[in-house]
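Chains as they are written, first to last, in our numbering: chain A, 1 to 482; chain B, 1001 to 1484; chain C, 2001 to 2095.
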Amino acid sequence: MKSSNNWETIIGLEVHAQIISKSKLFSGASTNFGSEPNTQVSLVDAAMPGMLPVINKDCVEQAIKTGLGLNAQINKRSIFDRKNYFYPDLPQGYQISQFSQPIVGKGSIPIDLKDGTSKEIGITRLHIEQDAGKSVHDIEPSKSYIDLNRSGIALMEIVSEPDIRSAEEAQEYVKKLRSILRYIGTCDGNMEEGSLRCDVNISVRIKGEELGTRAEIKNVNSIKSIGQAIDYEFKRQTEIISSGGKIDQETRLFDEKKGETRSMRSKEEAHDYRYFPDPDLPPLEIEDEWIEKIKKNLPELPDVKKKNLINQYKIPSYDAAILVSDKNNAEFFDKIIAGNKKRNPKNVANWIIGELFALLNKNNLEIKDSPIKAEDLGELIDYIEDQTISGKIAKNVFDEMFKTKKKAKDIIEKKGLKQITDTGEIEKLIDKVLNNNKEKVDEFKSGKEKLFGYFVGQVMQETKGTANPGIVNKILKKKLAK
Amino acid sequence: MNLKNINLEECLKLLKEKKISSKELTSFYLKEAEANKNLNAYISMNSDNVIKLAEESDKRILNNTARPLEGVPIAIKDLFCTKDILTTAASKMLDNFKPAYESTVTQNLWDAGAILLGKTNLDEFAMGSSNETSFFGASINPWSKDKKKYVSGGSSGGSAAAVAGNIAIAATGTDTGGSIRQPASYCGIVGLKPTYGRCSRWGIVSFASSLDQAGPMTKTVNDAALMLDAMAGYDKKDSTSANLEKTNFYKNLKNNKKLKIGIPKQYKNDQLNDEIIKLWDLGIEYFKKNNCEVVEIDLPHTEYALATYYIISSAEASSNLARYDGVRYGLRNNSENINDLYEQTRSEGFGNEVKRRIMIGTYVLSAGYYDAYYLKAQKVRSKIINDFKKAFEKVDIIFTPTAPSDAFEQGSKIDDPIQMYLNDVFTVPASLAGLPAISVPMGLSNNNLPLGFQIIGKSFDEDSVFSAAKIIEENSNFKKEDKK
Amino acid sequence: MDIDKKLVKKIATLSRVKIEEKEVERFSKELSKIITWVEKLNEVDTKDITPIANPSDIKIPFREDEINDGKIEEKILKNAPEKKAGYFVVPKVVE
């Protein structure tokens, strides 16, 4: 879709991330996904008369960790507010959330774009709140079935500044956010299971003019959908404005199948949430010592790691970005490097990003399910390095390792793939080949230089490809020069 | 042996000395309750179970494994969730609700050996000052004579009527703006609202979370101390529960404290009846006789306390009562549309006063009005708390009337909400500040109805409150007068 | 402050309480009276005062992250007006 140079898209994202914890935010029921309905519900979650909330310390710690991972300010005093509205999956008739004084304040995260540039996206705030239960609408036609297992699970709501200007930026932001959350272990970022959800706030304007009216798009459940929803909205909003119309401030639902957004039934009247501080919960006070302790134990964040890969190991920025984009990639890489200090990091990176990813993608596998383990790939790389096998042979061994899960050593031995590096032996083979091809040697000597490759090929054939190419070249050159 | 007028202390002595069994005692009270049904003090009796419980207690007493309140039948306000036993909050919304759990405070009583006699009447969802908003009809003040029916006060009107009417030895109540103290005053018994956080709120149907407190309603101050020792205690299931050491209020009663008494000048207004002023002055004399210094103190924001209370309590109530929606328990008035289901259920399930408070609460929290009402009220509350802090730098306890009048006739104020709210003018400030406060009966009005006086103490200083209360109790004429 | 009939209806909807047409007038009067009465708070100077949401000074107490609740479906569903296959049942809710 062509976008006029004059139009500017202003996007802000609200991401809801389910906190990794054993039990819920205000009750001791389990947070497991996929259990039988209402089996992970306490009296508190069901909002029985007289029930009261008690906060889970770990959930608070996870939020602080996340705040640190977003380079954000941790607010040492924050308040829980009630957000009041009626819905059958909201047993209390209110959600315990944070409105005026959230636990985390301003921060930012860097994102990398295709054109090689980087951009900082601001974080406005992060707060903790309860998740709602689930309504199932398709069991009986005239009824909705309510399951409260999810009711009360801890969520972090992460609000970005409206710094995002394109679908690509939005997608990179969510990808980066997700990887940070996974790195520090505060959310598994699983959009299919709903542990990471995204609402998109989008408006358009002619560059330089005032901000336009924004629409809120809900139900955007994948990275792909984020792009689609933004593209559709851009088109919809610019068309309306271009033809003289006005954008309604409203909530719209993204329809995955159609790739469109549509207006929800107008419920503007109903959205008076009457926020007020929850009188059942005193203020949340966080001590400096606690924050310091968490800071110390925080794992290396992807952007820091990426810088290290570039500066320390001289790995190109693009490759470094791929390595840190997923905690599993980084760990795989780290393991190989740690296994033998002599391994060349650039080389290792190439093998992972080039060869391994190609096979993984082809077979629809994640790196954590790779048939070739990190140690084994490291071993293979060592064999190339110490000339046990040639680079070309190594590729075959690699394929075989992937298919059979066997180790490099076994495959090399079984198939007799060890590289021949003995110059004497190679010289003998070269002599044999040259003797068998006297005519071609004459042709070469009279100018047909292309035949050099033919001779090399013949030597390789004799050795089933295991002759060290460098040595072959050297000796062959010498012999032919005579 | 007259079991009818017996108090808790006397009762425990008799049980300990094996002069009576729990079974006899309990059977007696079941009969008395039945014979006095006209008081409408109880919503339900625990007839199915209580004798069995009494027999178990008797076994323990014989074995010498008796706990502090072993075998004593207690009346419980029907706002406390009692496991598998009807808990209605005096509302149609919960008129056949049987919780699958027990409130912490009642469990504490059962762990101390007490047994459940019955669930007492109250204003619906604890909202009211006369027990007239109950779905099960009003309870009657046992002091009512002739044909006139006087209110027993509210919201813990049933508990007050039961204790005053001698169909309960002791009872529990809850106090949000005066709901223990005012009915205690109207019915001529002792009623204590402990410091906020002293008793757990877990399992008590919530009205206004920052104000609700469970407390004892008894015949004597000693009884109240005994009950509070059993009821109080830290509960980790309640985030507002105070984490303090185990209490010894009953033991500490013997300590004769020399107290400094404060009389707030703002509570003295020209609208007060002479009879109340007379008793107030009499109480001051009692304190002076007992070596206590009496001084005037200043609580400058007193006149704003009621309005502050009504804004805050209604706001919290509007949110706390949102869970009564016909989905998971309680009444359901069905429909094909969920919003109709909500509206019909809540309209049918809630009475008018509850609806009024929910609507006021919704209004003061809604967009555009939050700052002007709710936020303003929380700020004024802060000032009221400060008033008390300053006053308590000078004095140990504060002495005031509990209510501006004696009990009124049923039906006389029900159509005028504000007139009804004014009954709480003296009790509400201590609620807003979370301070412990007790009502002790001092005398009778010209109408021969009880008049109670209030003693307010510092946070968690129920000991001083009890001490001062005992001075009033011991010196006043009330215990010598003809109690029904 | 006058709470007119329109506002009464709006508040009633927000609170999910149905007020019969014939009662709207009465509620309007009563609520107006109450709100006017509480407006006396405007007389109090509260500049620079921090609002208090709870009278006690305590900080929020923490709970360890342990699974020690749930698996009580019978108790949870025990009082449900309508239930089926372990779910609470309500009339169909349209998004």
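Note that CB positions come from ideal geometry on N, CA and C, so glycine has one too.
Alpha carbons only, please: which of B/A1171, B/L1025, B/G1349, B/Y1304 is nearest the one belonging to B/S1057?
What you label residue 1057 of chain B is simply residue 57 of the second sequence in a count that begins at 1. For B/S1057, the closest of B/A1171, B/L1025, B/G1349, B/Y1304 by C-alpha to C-alpha distance is B/L1025.
Please determine, among B/L1062, B/V1190, B/T1082, B/K1052, the residue with the shortest C-alpha to C-alpha distance to B/F1453.
Locating residue 1453 of chain B in the second sequence gives position 453, where the first residue counts as 1. Residue B/V1190 is the option with its Cα nearest to B/F1453.
Residues of its chain near A/K2, where Cβ-Cβ distance is below 7 angstroms and the 5 sequence neighbours each way are ignored:
Indexing the first sequence from 1 puts residue 2 of chain A at position 2. Unreliable positioning characterises A/K2 in this predicted model, as indicated by a pLDDT of 45, which lies under 50. A coordinate reading is not provided.
Given B/S1382 as reference, the closest of B/A1433, B/D1424, B/K1019, B/E1275 once Cα atoms are compared
The residue you call residue 1382 of chain B lines up with position 382 of the second sequence. When each option's Cα is compared against that of B/S1382, the closest is B/A1433.
In angstroms, rounded to a whole number, what distance separates the CA positions of B/T1104 and B/N1447?
The residue you call residue 1104 of chain B lines up with position 104 of the second sequence. The residue you call residue 1447 of chain B lines up with position 447 of the second sequence. Roughly 40 angstroms separates the two Cα atoms.
Assuming the contact rule is C-beta atoms closer than 8 angstroms, B/N1337 and C/P2091 should be a hit. Round their C-beta distance to whole Å, please.
For this step, residue 1337 of chain B is matched to residue 337 along the second sequence. For this step, residue 2091 of chain C is matched to residue 91 along the third sequence. Confirmed, about 6 angstroms.
Looking at B/G1165: is its Cβ nearer than 8 angstroms to the Cβ of B/A1041?
Stepping through the second sequence from its first residue, residue 1165 of chain B is reached at position 165. Stepping through the second sequence from its first residue, residue 1041 of chain B is reached at position 41. Taking 8 angstroms as the Cβ cut-off, B/G1165 and B/A1041 qualify as a contacting pair.
Mind checking the stretch 17-42 of chain A against chain C and listing, in chain order, the residues whose C-beta falls within less than 8 angstroms of any C-beta there?
Within the stretch 17-42 of chain A, the qualifying residues are S21, K22, S23, S27, G28, A29, S30, E36, P37, N38, T39, Q40, V41, S42.
A/Y145: first and last residue of the uninterrupted beta strand (DSSP E) it sits in:
Working through the first sequence from its first residue, we reach residue 145 of chain A at position 145. Run containing A/Y145: 143-147, per the beta strand (DSSP E) assignment.
Would the beta-carbon of C/I2011 fall within 8 angstroms of that of B/Y1310?
Within the third sequence, numbered from 1, the residue matching residue 2011 of chain C stands at position 11. Within the second sequence, numbered from 1, the residue matching residue 1310 of chain B stands at position 310. Against a cut-off of 8 angstroms, the Cβ pair of B/Y1310 and C/I2011 comes out as no contact.
Three-state secondary structure (DSSP) at A/A17?
Taking the first sequence and counting its residues from 1, one reaches residue 17 of chain A at position 17. Residue state, collapsed to three classes: strand.
Member of A/P283, A/K327, A/F398 whose CA lies at the smallest distance from the CA of A/N75:
For this step, residue 75 of chain A is matched to residue 75 along the first sequence. Of the listed residues, the one whose Cα sits closest to A/N75 is A/P283.
Please classify A/E269 as buried or exposed, where buried requires at least 16 neighbouring CB atoms within 10 angstroms.
Translated into positions along the first sequence, residue 269 of chain A becomes position 269. Low local confidence applies: a pLDDT of 49 at A/E269 is under 50, so the model's placement there is unreliable, with the coordinate-based value given in what follows. With fewer than 16 other beta carbons inside 10 angstroms of its own, A/E269 counts as exposed.
Secondary structure of A/G133, DSSP reduced to three states:
Position 133 of the first sequence, counted from the first residue, corresponds to residue 133 of chain A. For A/G133, the secondary structure class from DSSP, reduced to helix, strand or coil, is coil.
Between the Cα of A/N437 and the Cα atoms of A/I384, A/V459, A/Q237, A/E193, which residue gives the shortest distance?
Residue numbering aside, residue 437 of chain A sits at position 437 when the first sequence is read from its first letter. Out of A/I384, A/V459, A/Q237, A/E193, A/V459 has the C-alpha closest to the C-alpha of A/N437.
Going by Cα to Cα distance, which pick from A/E8, A/Q387, A/I337, A/M401 is closest to A/K207?
Taking the first residue of the first sequence as position 1, residue 207 of chain A is located at position 207. Cα-wise, what sits closest to A/K207 is A/E8.
To which residues of the same chain is A/V304 closer than 7 angstroms at the C-beta, ignoring the five residues directly before and after it?
Position 304 of the first sequence, counted from the start, is the residue given in the question as residue 304 of chain A. Cβ neighbours of A/V304 beyond the five flanking positions: none.
Does the Cβ of B/D1175 have 16 or more other Cβ atoms within 10 Å, making it buried, or fewer, making it exposed?
Here residue 1175 of chain B refers to the residue found at position 175 when the second sequence is read from its first residue. Taking a 10 Å sphere around the C-beta of B/D1175, we find 16 or more other C-beta atoms and assign the residue as buried.
Helix or strand or just coil, what does DSSP make of B/F1478?
As a position in the second sequence, residue 1478 of chain B is number 478, starting the count at 1. Note: B/F1478 maps to helix in three-state DSSP.
Report the partner residues of C/F2062 according to the DSSP bridge assignment.
For the purposes of this step, residue 2062 of chain C is identified with residue 62 of the third sequence, where counting begins at 1. BP columns for C/F2062 point to A/I55.
Take the Cβ of B/T1308 as the centre, count every other Cβ of all protein chains shown within 10 Å, and call the residue buried at 16 or more, exposed below.
On the second sequence, residue 1308 of chain B is found 308 positions in, with the first residue counted as 1. Counting Cβ neighbours within 10 Å, B/T1308 comes out buried, since at least 16 surround it.
Check whether the Cβ of A/M264 lies closer than 8 angstroms to any Cβ atom in chain B.
Start at 1 with the first residue of the first sequence, and residue 264 of chain A comes out as number 264. Judged by the 8 angstroms Cβ criterion, A/M264 is not in contact with chain B.
Quick one: which residues of the stretch 282-315 of chain A get their C-beta closer than 8 angstroms to a C-beta of chain C? List them in chain order.
Listed in sequence order: P282, P283, L284, E285.
Selected residue, minimal CA-CA separation from A/S78, among A/V348, A/P88, A/G105:
Position 78 of the first sequence holds residue 78 of chain A. Out of A/V348, A/P88, A/G105, A/G105 has the C-alpha closest to the C-alpha of A/S78.
If you count every other CB in all the chains shown that lies within 10 Å of the CB of A/P141, and 16 or more means buried, which is it?
As a first step, residue 141 of chain A must be located in the first sequence, where it is residue number 141. Residue environment for A/P141: exposed (fewer than 16 other C-beta atoms within 10 angstroms of its C-beta).
Are the beta-carbon atoms belonging to A/G69 and A/L126 less than 8 angstroms from one another?
Along the first sequence, one-based indexing puts residue 69 of chain A at 69. Along the first sequence, one-based indexing puts residue 126 of chain A at 126. In terms of Cβ geometry, A/G69 and A/L126 do not form a close pair [threshold 8 angstroms].
Distance, B/A1468 Cα to B/N1475 Cα
For the purposes of this step, residue 1475 of chain B is taken as residue 475 along the second sequence, with counting starting at 1. For the purposes of this step, residue 1468 of chain B is taken as residue 468 along the second sequence, with counting starting at 1. Taking C-alpha positions only, B/N1475 is separated from B/A1468 by approximately 11 angstroms.
The beta strand (DSSP E) that contains C/I2034, what's its start and end?
Numbered from its first residue, the third sequence carries residue 2034 of chain C at position 34. That residue, C/I2034, is in no beta strand (DSSP E); its alpha helix (DSSP H) goes 2021-2038.
Minimum Cβ-Cβ distance from C/V2090 to chain A less than 8 angstroms:
As a first step, residue 2090 of chain C must be located in the third sequence, where it is residue number 90. With respect to chain A, the C-beta atom of C/V2090 has a partner C-beta closer than 8 angstroms.
Could you check if B/N1046 is buried or exposed, using at least 16 other CB atoms within 10 Å of its CB as the buried criterion?
Here residue 1046 of chain B refers to the residue found at position 46 of the second sequence. Classification of B/N1046: buried, given that the 10 Å Cβ count is 16 or more.
Secondary structure of A/K415, DSSP reduced to three states:
In the first sequence, residue 415 of chain A corresponds to position 415, counting from 1. Helix.
Mind checking who B/I1398 pairs with in its DSSP beta bridge?
Taking the first residue of the second sequence as 1, we reach residue 1398 of chain B at position 398. Per DSSP, B/G1262, B/I1456.
For chain A, find out if any of its Cβ atoms is closer than 8 angstroms to the Cβ of B/V1428; answer yes or no.
Numbered from 1 along the second sequence, position 428 holds the residue referred to as residue 1428 of chain B. Interface criterion not met: the Cβ of B/V1428 is under 8 angstroms from no Cβ in chain A.
Which residues in the same chain have their Cβ closer than 8 angstroms to the Cβ of B/E1353, if we skip the five residues on either side of it in sequence?
For this step, residue 1353 of chain B is matched to residue 353 along the second sequence. Same-chain partners within the cutoff: D1123, E1124, M1127, G1128, T1133, P1417.
Do you know how far the Cα of A/I337 is from the Cα of A/V348?
Position 348 of the first sequence, counting from 1, holds the residue named residue 348 of chain A. Position 337 of the first sequence, counting from 1, holds the residue named residue 337 of chain A. The straight-line gap from Cα to Cα measures roughly 8 angstroms.
For A/S151, count the other beta carbons within 10 Å of its own beta carbon; 16 or more makes it buried, fewer makes it exposed. Which is it?
Within the first sequence, residue 151 of chain A is the residue found at index 151, counting from 1. A residue is called buried once 16 or more other Cβ atoms fall within 10 Å of its Cβ, and A/S151 is buried on that count.
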